[in-house]
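Protein chains in written order, with our numbering: chain A, 1 to 361; chain B, 362 to 714; chain C, 715 to 1120.
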């Protein structure tokens, strides 16, 4: 069990209270979070997994033993430490004037050089898995941000003004919901194309890790599309919160003293909707990570450094090299389990009263 | 709840559903105009002249104003016409509906697996709280909702098909109905009894293994488990928390106070009330099931609508893309309406609201 | 009018085992209920009166558990049937319900004990019609008397399979037609107009008062000997309260059952009860006939309670609220003293020890758990009014040190 009691340390608490102000959480909410965290081993495990994933993603160039894109065909399909791979070499030689074919069975052993083995092109699996965390988390977080920004804006407006605007939104949300997010994402990415953005890697720039890739590829289309196909969930939650808040006395009072709609929405409605939105956003990061890996698996991705992409590659070598498809999948499961555990923690502590919406493939 | 109000409720839902389907058709139609690339470039040869391109566009009706194309498309749809596939030169609707049964079969099989496993598991988990079965179910549902199903499918293939050879790795045998018909036609109970009596186990297994229904089962097991696991986990989770919630309510105590047997308290009262909200969430998650079917089909080379859609997208075969998306969207709306009806049946308050 | 003893409760204790610690909700409670009488239990919220009621019918839910005591119920038939297997539970015609299997206790719910609850709206299943729920209560007794010792009586043949069948085929049901008819009769009996139509309605279509009547009808389904009414009027309007109380009065006169009435409302007690027990912090601190307790209250808590209701005949004196509130009943924080001492205007040094129960004025019935029943208030022994806020002041040094160590 990872010891995470440092989160309760004064310094961390200071950070927590600053976060609290930024998100306008009440002291009671923060106390609930802390009590629930202290009580639940699963919450600690979840936070531990996410902190690990974030560190791995942030320091990928420093942690990866090899350049994840370097191919080495001499060392392809090396098994992970502790495993062997059987291979058959066919040679032919002349014996008494006739050609004899000899099948020789040999063993490929693992090396400490590649602790998790290599893929079909001899690329280091450990390094690829480490870099894959970057893609997953960046797509998950930015995609959720786009979905939340768009969805919450639309939902708050609809819920606050209600009437025609609301009707129009809810009907378009129904239409959106009729398309499974994976189907819509596949269609959009497939039809728009997989544009990507290359971002210089700060570690390489600073000369700290000269052997690593100089740029990191962000799958631009994918990020935008996964955000766009998931906004409806945020719109629904924000709308129902806005609907319930707008009938409160203090909103009527604010309106009576002449506060502008904009002021009321940003100062009163939004802060009161923030808890369920935070919980939903957590679940959505998990859903979007799963969605990204599915898109990459189907070949609709702008980057090759993705867990889903590696699983698709490894699938072709399933009978000879099981680890190529297995390892990235384990990484996905661990990350998503971590996020879901944190989501459960937040839900138990904040009790926003929403069902398990969102979901993944 | 009277029958009249239930009927009116369902009618209202059905009318709403029709409007949503219309919205689906419109969005799918507009998709062609908001995504980059002219369909003609994908159809015409690379060295085609401007004149040839114009002729192709005219032949496909792509040169007409957008509202004419839209009305024309709507009119066609109402007669079941989705246009001709650009690539294979068959009717798009024929291709779509030829592929639909495989997808429906997969989705239904996965749902059956999920419902049959998850609801009992959730109930047991809630009624035996803090016992090993509860911890097991909680762990399973946590990992189940966190596992990408395509990876799960590959792992199942790796273990059960590649390592142990228990199941075929991919493809679909015959459909369910032909398999049933074939089995009924060729099944010979006398032979089975004779082989069993003579203790010829291997021959018996070989005979049974060749029955179409068994082949069907062998082909569908891994895809159905792959697609169903997420839902099994999700419904287990929801059933468990819902049951715990219901069992803590006062009416449960009141039911016990009047002497009702525990099974009646649990199943007729608590479980029934748990199922209504569970069904709501499952209805909302149906899209995930269909999306999951698309990727499961890709893993197992299952000849369904999903593989067809991906192929059509890669080839920009617009009539086929539109047809598949409309069938998927409309199918979701129809099933969702049925789910609403089931929920109204289970919980009369839904109609009252 | 009071008959023989029907129920003898002795030393009943119920504990809740929570993460915050053990909570002694009911502590060593004793009382008797006689045939055809109304026994009232009165106390503030949190005094343990509802848990006492639930303990009697074995409906305390986890993390709570009845930990000690005897619940002796007089039933000659029951005594005869369990005498062989559980000889230690039987004493003459009385059976100690805590010493018979859970199955037997469950079989008594309905024909022997029945309960009505505080909030009728949450005590009915919202998605089943009221008539069906009452019919269930009838049906369960019908089936039980049809095959009293059958092994199937626990589930009565109704498992998951039957539930699935019922969901798919609405005609197949646990409840028979006769039970449905009986349910309508019961609704009529409790004064619900158009009972046949109302039986097909759902709880949310009923008003609070009507639903409470329906709950009474449901409680009558098994023709119980003891009706436990837990705050039956608290959730209702004042005019409806009177109707429900009249209904209970009428039904009791008709059926001759005993009623255990649990309430915090002294007016309800004064209006309906023959005898009364006053609960405080999980204990019965004073009990006796209604007149004895109300006219001559001995325990300062009872005096405080009676002082805190307005008296229309003599409105002159100001209402006297009892200062402070009921303790939390967490085991670790309970000293072995009179629990009321910290709020008691007449607390003395001897109250720091647990007081025994004293008979009042030689009346066998009237007893109070207070030294004042034994002798008068001794001014020189009185505790300082702020003694419990700062007990360390003047207390011995050892206690102070051990306090700081924590």
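We treat Cβ as the ideally placed atom computed from N, Cα and C, and that holds for glycine.
Since we're looking at a predicted model, the values are computed, not measured.
For residue i, three-class secondary structure by DSSP
| i | result |
| --- | --- |
| residue 568 of chain B | helix |
| residue 1070 of chain C | coil |
| residue 867 of chain C | Because the pLDDT of residue 867 of chain C is 47, which lies under 50, any placement of that residue in the model is unreliable, and the number read from its coordinates should be weighed accordingly. Helix. |
| residue 971 of chain C | coil |
| residue 955 of chain C | helix |
| residue 942 of chain C | strand |
| residue 749 of chain C | coil |
| residue 55 of chain A | helix |
Residues near residue i by beta carbon distance below 6 Å, same chain, minus five either side
| i | result |
| --- | --- |
| residue 393 of chain B | 679 |
| residue 146 of chain A | 227 |
| residue 72 of chain A | 122 |
| residue 1052 of chain C | 1065, 1069 |
| residue 595 of chain B | 506 |
Spatially closest choice to residue i from the options, by CA coordinates
| i | options | result |
| --- | --- | --- |
| residue 722 of chain C | C:785, C:958, C:764, C:768 | C:785 |
| residue 186 of chain A | A:126, A:229, A:204, A:253 | A:229 |
| residue 629 of chain B | C:850, C:824, C:836 | C:850 |
| residue 417 of chain B | B:407, B:401, B:602, B:432 | B:401 |
| residue 317 of chain A | B:429, B:523, B:460 | B:523 |
| residue 970 of chain C | C:1063, C:940, C:1042, C:822 | C:940 |
| residue 153 of chain A | A:65, A:322, A:234, A:80 | A:234 |
| residue 718 of chain C | C:1072, C:1043, C:972 | C:972 |
| residue 222 of chain A | A:188, A:244, A:51 | A:188 |
| residue 818 of chain C | C:836, C:848, C:860, C:772 | C:772 |
| residue 67 of chain A | A:211, A:83, A:338 | A:211 |
| residue 231 of chain A | A:51, A:204, A:338, A:149 | A:149 |
| residue 112 of chain A | A:215, A:75, A:301 | A:75 |
Chain-order list of residues whose beta-carbon lies under 7 Å from that of residue i (same chain, five-residue window excluded)
| i | result |
| --- | --- |
| residue 311 of chain A | 297, 325, 328, 329 |
| residue 36 of chain A | 43, 345, 348, 349 |
| residue 631 of chain B | 604, 607, 608, 613 |
| residue 303 of chain A | 135, 196, 217, 219 |
| residue 117 of chain A | 78, 79, 80, 110, 125, 323 |
| residue 741 of chain C | 727, 996, 997 |
| residue 236 of chain A | 155, 173 |
Cut-off 8 Å between Cβ atoms - residues of its own chain near residue i, not counting five sequence neighbours on either side
| i | result |
| --- | --- |
| residue 467 of chain B | 581, 584, 585, 588, 654, 657, 658, 663, 665 |
| residue 650 of chain B | 468, 471, 472, 588, 592 |
| residue 437 of chain B | 443, 444 |
| residue 69 of chain A | 123, 213, 304, 305 |
| residue 128 of chain A | 68, 119, 305, 310, 328 |
Burial state of residue i, where buried means 16 or more other Cβ atoms lie within 10 Å
| i | result |
| --- | --- |
| residue 176 of chain A | buried |
| residue 1153 of chain C | Only positions 715 to 1120 of chain C appear in this structure, which leaves residue 1153 of chain C out of reach. |
| residue 340 of chain A | buried |
| residue 260 of chain A | exposed |
| residue 86 of chain A | exposed |
| residue 798 of chain C | exposed |
| residue 179 of chain A | buried |
| residue 1099 of chain C | exposed |
| residue 97 of chain A | exposed |
| residue 865 of chain C | Residue placement at residue 865 of chain C is poorly supported in this model, since its pLDDT is 39, which falls under 50; the coordinates still yield a value, given next. Residue 865 of chain C should be labelled exposed. |
| residue 434 of chain B | buried |
| residue 208 of chain A | exposed |
Heavy atom of the ligand SAM within 7 Å of residue i beta-carbon
| i | result |
| --- | --- |
| residue 275 of chain A | This structure lacks the ligand SAM; in fact it carries no ligand of any kind. |
8 Å Cβ cutoff, residue i in contact with chain F
| i | result |
| --- | --- |
| residue 333 of chain A | The displayed structure is made up of protein chains A, B and C, and chain F is not among them. |
Can you pull out the residues from the stretch 310–326 of chain A whose beta carbon lies closer than 9 Å to at least one beta carbon of chain B?
311, 312, 314, 315, 318, 319, 322, 325, 326
Against chain C, which members of the stretch 483–505 of chain B pass a CB distance test of less than 9 Å?
484, 490
Which of the residues in the stretch 392–406 of chain B, read from start to end, lie with their CB under 8 Å from any CB of chain A?
Among the residues of the stretch 392–406 of chain B, those with a Cβ less than 8 Å away from any Cβ of chain A are 392, 396, 397, 398, in the order of the chain.
If you measure beta-carbon to beta-carbon, which residues of the stretch 598–611 of chain B are closer than 8 Å to chain A?
598, 599
Give me the subset of the stretch 522–533 of chain B whose CB atoms are less than 8 Å from a CB atom of chain A, sorted by chain position.
523
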